[in-house]
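Participant: Its first residue numbered 1, the sequence shown is counted upward by one per residue in the UniProt record's numbering.
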Amino acid sequence: MSLYDDILSWKSDGLRRTHDALIRDSREYELTHDVLNRLFTEEFLGLYAQAEARARRALVDDAGDMQKQLERAAHQFLAIAEAVDALVKKTGDFVRRIRNGEFGNFGNEILHVSDDAPSHSQMELLEGNRVILGDFLAIVNSLELAYKTLEDLQERAEAPSAAILSHGAAKPDPSWNVEEVNDWWTSLSVEERQKIEVMHPDWIGNLGGVPFDVRDRANRRRINPMLSDINKRIAQAQRNIAYLEEHGTGFHDGIKLYMEKQELRILQEKYRDLLSVKRKFGESSSHSHSLVSLDAEKGDHLWAAVGSGDIDNADHVMVHTPGMTATVESHLMGKGKGWGSGVSGVDNVLAEGKAQLESTGRDEKVAGITVLNYDAPRWGEIATRNHSVAGDHQVEVGGKSGADMLYAVQATHSGDPHLVASGHSYGSSATGWALQHSTVADDVAVSGSPGATTMQNKDLNMLPGHTNVGDAARDAVASLGRFGGIPSQSREFTHWSCYKWTAPDGTEYKMSEGHSEYMNKGYTSTHNQGSILIGNGVAVPDEGAALSDPLKY
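Rendered as structure tokens:
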């Protein structure tokens, strides 16, 4: 029996029944969580009572984790069922066209492909066949991931280790994974959490598994001490430079002088960017956004991440990674009253998604995180080994940070969110790396991409129709294919339109041109990303995208 016969025999009914059963089970755990939460009391005192209280808090959290894990599995099975129905229809249409002779006399040969070298006639249909095969492999991969989610239920059901429950308000163990961090945090009393937040904000400001509103408050507390520390290091570097310029001799002192000047430049840039953080997140700052990550040590650039909306409770969450030349000041904080271009772009997508939800009567919330937790390449660093835009070192660094943020959202979220991974330019390559090393995102949107590290859905742990690509006119970066191929030429990915478009209600959307207009307010591209954010997929497809659907030809 050929692959096509196998696919045409598929039915989605069992997958949908599994979804329904898992949803029912998740509701039971939700009820259990709520009941336990109401019964909880902190009235007992003493060491034994404190230990017992930690165990009960952990029990409440475990019930919530079970609910979320069951919801996650249910959503996976439903998405797979929808993908199965779509592939069965696509395959049926393709087979009928072959049998009707639309591809010539050689068409029927592909229905019985042998292990021998393909003939010329088979090569004629190879690309169309590859689309169906790619969808097939992506569905099989996603099904394996869904069953893995069910297997992980046993781990979620197990109580946290005694070491975690007895850890108390001490510094968290760096070996803990994000779920273990969350178990530790939820086992603490309100007083213990407040003590850590005030006395040791550096423990939790960047720690996945801690709620994002807590991370925000902790990071705001860290700004002034970080500024003071960097200022001292700048002064020391300046003294070292002055000494070497006056007393240095020989080759080795020349090298030391060069290194000190480089260190001074790095520190001054970090200080400048950190001042922009203080302007936005100081005591008098607006609370419309949150500072969910802040790091001046891991890279040569200042790292930070800005949240938009209620991350831990929104129904739909976007995690976006900006690309080349992005800095904390320019892409996150901005220089005036507004936000930087990266945060503004995410806010535009969130606003578009919210408007689409409201227009259809859906009472759902959206949120986003703009993550600059890597040294985004700059023009002045193009010749350096670890910072060059032509190299993949920062793809991996940014990808790991992106994967960590995706897992952090999943760990602290109330219920299973619809989670979208997003990336622009070099950041889209980091996003591709993140998806190859994580399994919690539901959709991905890449724009102006020099490559998403692959041309196949299964490599990104995505189902067919869930990897979305934007390629604007006259964007040369999107045609580079430096990291895994040119996404706009992938026959497996879905392509959104960046051209001007008039909506059915008469709203006119603008055309994106070049490399930097993918998330602008009032643009078709932004409308599409808003639709992806709320789980509706591409609203306005790019009908002229190269190779977007070979089955049409």
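Heads up, the beta-carbon is just placed ideally off N, CA and C, and yes, glycines get one too. Computed from a prediction, not measured in an experiment: that's the story for all the values here.
Assuming Ser308 is part of the beta strand (DSSP E), what are its boundary residues?
Facilitator: Your numbering for residue 308 matches position 308 in the sequence shown. Per DSSP, Ser308 belongs to the beta strand (DSSP E) from Trp303 to Ser308.
Participant: Rounded to whole angstroms, what is the Cα-Cα separation between Asp300 and Asp375?
Facilitator: Taking the first residue of the sequence shown as 1, we reach residue 300 at position 300. Taking the first residue of the sequence shown as 1, we reach residue 375 at position 375. Rounded to the nearest angstrom, the two C-alpha atoms are 7 Å apart.
Participant: For the structure I just gave you, are there three or more beta carbon pairs, one from the region 204-220 and one from the region 175-182, closer than 8 Å?
Facilitator: yes
Participant: Ignore the nearest five residues each way along the sequence and tell me which others in residue 558's own chain have a CB closer than 6 Å to its CB.
Facilitator: Here the chain has residues from 1 to 553 only, and residue 558 is not among them.
Participant: Quick check on the burial criterion: 16 or more other C-beta atoms within 10 angstroms. Buried or exposed for Thr18?
Facilitator: Within the sequence shown, the letter at position 18 stands for residue 18. Counting Cβ neighbours within 10 Å, Thr18 comes out buried, since at least 16 surround it.
Participant: Compare the Cα-Cα distances from Gly368 to each of Gln394, Gly353, Val328 and Ser308 and report the closest residue.
Facilitator: In the sequence shown, the residue the question calls residue 368 occupies position 368. Residue Ser308 is the option with its Cα nearest to Gly368.
Participant: Among Thr507, Val444, Thr524 and Thr502, which one has its Cα closest to the Cα of residue 554?
Facilitator: What is shown of the chain runs 1 to 553, which leaves residue 554 out entirely.
Participant: Can you find at least 3 beta carbon pairs, one from the region 476-486 and one from the region 155-175, that sit closer than 8 Å?
Facilitator: When C-beta atoms of the region 476-486 are compared with those of the region 155-175, fewer than three pairs fall below 8 Å, so the two segments do not count as touching.
Participant: Check whether the region 192-200 touches the region 55-70, counting contact only when three or more Cβ pairs, one atom from each stretch, lie closer than 8 Å.
Facilitator: no
Participant: What residue from Gln489, Ser187 and Leu350 has the CA that sits closest to Pro450's CA?
Facilitator: Looking up residue 450 in the sequence shown gives position 450. When each option's Cα is compared against that of Pro450, the closest is Gln489.
Participant: Enumerate in chain order the residues of its own chain whose CB-to-CB distance from Leu463 is below 7 Å, with the five nearest sequence positions on each side excluded.
Facilitator: In the sequence shown, residue 463 corresponds to position 463, counting from 1. Here the set comprises Ala79, Ile80, Ala83, Ala138, Ile139, Ser142 and Asn457.
Participant: Provide the residue(s) that pair with His418 in DSSP beta bridges, ordered along the chain.
Facilitator: If you number the sequence shown from 1, residue 418 lands on position 418. Answer is His316, bridged to His418.
Participant: Between the Cα of Ile360 and the Cα atoms of Asp505, Val214 and Ala86, which residue gives the shortest distance?
Facilitator: The residue you call residue 360 lines up with position 360 of the sequence shown. Note that residue 360 corresponds to Thr in the displayed sequence, not to Ile. Comparing Cα positions, the closest option is Asp505.
Participant: Using a threshold of 8 Å, state whether the C-beta atoms of Gly353 and His413 are closer than that.
Facilitator: In the sequence shown, the residue the question calls residue 353 occupies position 353. In the sequence shown, the residue the question calls residue 413 occupies position 413. Going by C-beta atoms, Gly353 is not nearer than 8 Å to His413.
Participant: Roughly how many angstroms separate the alpha carbons of Gly323 and Gly530, rounded to a whole number?
Facilitator: For the purposes of this step, residue 323 is taken as residue 323 along the sequence shown, with counting starting at 1. For the purposes of this step, residue 530 is taken as residue 530 along the sequence shown, with counting starting at 1. About 20 Å.
Participant: With a threshold of 16 other CB atoms inside 10 Å of the CB of Gly522, please say whether the residue is buried or exposed.
Facilitator: Translated into positions along the sequence shown, residue 522 becomes position 522. Result: exposed.
Participant: Which residue wins for smallest C-alpha separation from Trp303, given the options Ser288, Ile234 and Thr327?
Facilitator: Taking the sequence shown and counting its residues from 1, the one referred to as residue 303 is at position 303. Of Ser288, Ile234 and Thr327, the residue nearest in Cα terms is Thr327.
Participant: Quick check on DSSP: helix, strand or coil for Asp85?
Facilitator: What you label residue 85 is simply residue 85 of the sequence shown in a count that begins at 1. In this structure, Asp85 counts as helix in the three-state DSSP scheme.
Participant: Could you give the first and the last residue of the continuous beta strand (DSSP E) run that contains Thr494?
Facilitator: Your numbering for residue 494 matches position 494 in the sequence shown. Note, Thr494: beta strand (DSSP E), Thr494 to Trp496.
Participant: In terms of residues, what are the limits of the alpha helix (DSSP H) holding Ala237?
Facilitator: Residue 237 sits at position 237 when you count from the first residue of the sequence shown. Phe212 to His247 is the extent of the alpha helix (DSSP H) around Ala237.
Participant: Throw me the rounded Cβ distance for the Ile532 and Asn468 pair, which I believe falls under 8 Å.
Facilitator: Counting from 1 along the sequence shown, the entry for residue 532 is found at position 532. Counting from 1 along the sequence shown, the entry for residue 468 is found at position 468. Confirmed, about 5 Å.
Participant: Going along the chain, which residues of its own chain have a beta-carbon closer than 8 Å to the beta-carbon of Ala503, five neighbours each way excluded?
Facilitator: Sequence index remark: in the sequence shown, residue 503 carries index 503 (1-based). Tyr509 and His527, listed in sequence order.
Participant: Buried or exposed for Ser26, please, with buried defined as at least 16 other CB atoms from any protein chain shown within 10 angstroms of its CB.
Facilitator: Working through the sequence shown from its first residue, we reach residue 26 at position 26. Buried is the call here.
Participant: Determine the burial state of Asp542: buried for a count of at least 16 other Cβ atoms within 10 Å of its Cβ, exposed for fewer.
Facilitator: Here residue 542 refers to the residue found at position 542 of the sequence shown. Label assigned to Asp542: buried.
Participant: Which one or two residues does DSSP pair with Tyr518 in a beta bridge?
Facilitator: The count along the sequence shown starts at 1 and reaches residue 518 at position 518. DSSP, once it has assigned bridges, lists no residue as partnering Tyr518.
Participant: On the premise that Val371 lies in contact with Ala314, defined as a C-beta separation below 8 Å, what is that separation, rounded to the nearest angstrom?
Facilitator: What you label residue 314 is simply residue 314 of the sequence shown in a count that begins at 1. What you label residue 371 is simply residue 371 of the sequence shown in a count that begins at 1. At roughly 16 Å, the Cβ-Cβ gap does not stay under 8 Å, so Ala314 and Val371 are not in contact.
Participant: Quick check: Met318 and Lys280, are their CB atoms within less than 8 Å of each other?
Facilitator: For the purposes of this step, residue 318 is identified with residue 318 of the sequence shown, where counting begins at 1. For the purposes of this step, residue 280 is identified with residue 280 of the sequence shown, where counting begins at 1. Cβ atoms of Met318 and Lys280: not closer than 8 Å.
Participant: Let me know the secondary structure DSSP gives Leu551 once reduced to three states.
Facilitator: On the sequence shown, position 551 is the one that residue 551 refers to. Any reading at Leu551 needs caution, since the residue's pLDDT is 37, under 50, leaving its predicted position unreliable; the model's value is listed next. Here Leu551 sits in helix by DSSP.
Participant: Please check the pair Leu419 and Ala452, which I expect to be a contact at CB under 8 Å, by giving their CB distance rounded to whole angstroms.
Facilitator: Taking the first residue of the sequence shown as 1, we reach residue 419 at position 419. Taking the first residue of the sequence shown as 1, we reach residue 452 at position 452. 17 Å between Cβ atoms; not a contact.
Participant: In three-state terms, what does DSSP make of Val477?
Facilitator: On the sequence shown, residue 477 is found 477 positions in, with the first residue counted as 1. Helix.
Participant: Quick test of your reading: Asn348 and Met511, contact by CB under 8 Å. State the CB separation rounded to the nearest angstrom.
Facilitator: Position 348 of the sequence shown holds residue 348. Position 511 of the sequence shown holds residue 511. With 8 Å as the limit, Asn348 and Met511 do not qualify as a contact, their Cβ atoms being about 16 Å apart.
Participant: Thinking C-beta only, is Leu257 closer than 8 Å to residue 586?
Facilitator: Since the first residue shown for the chain is 1 and the last is 553, residue 586 is missing from the structure and cannot be characterised.
Participant: Is there a Cβ of chain B sitting closer than 8 Å to that of Asp202, yes or no?
Facilitator: The structure shown contains no chain B; it is built from a single protein chain.
Participant: What residue range is occupied by the uninterrupted beta strand (DSSP E) comprising Ser293?
Facilitator: In the sequence shown, residue 293 corresponds to position 293, counting from 1. Run containing Ser293: His289 to Asp295, per the beta strand (DSSP E) assignment.
Participant: Could you tell me the distance, in whole angstroms, from the CA atom of Gly391 to the CA atom of Ala53?
Facilitator: As a working note, residue 391 is residue 391 in the sequence shown. As a working note, residue 53 is residue 53 in the sequence shown. Near 51 Å, if we compare the C-alpha coordinates of Ala53 and Gly391.
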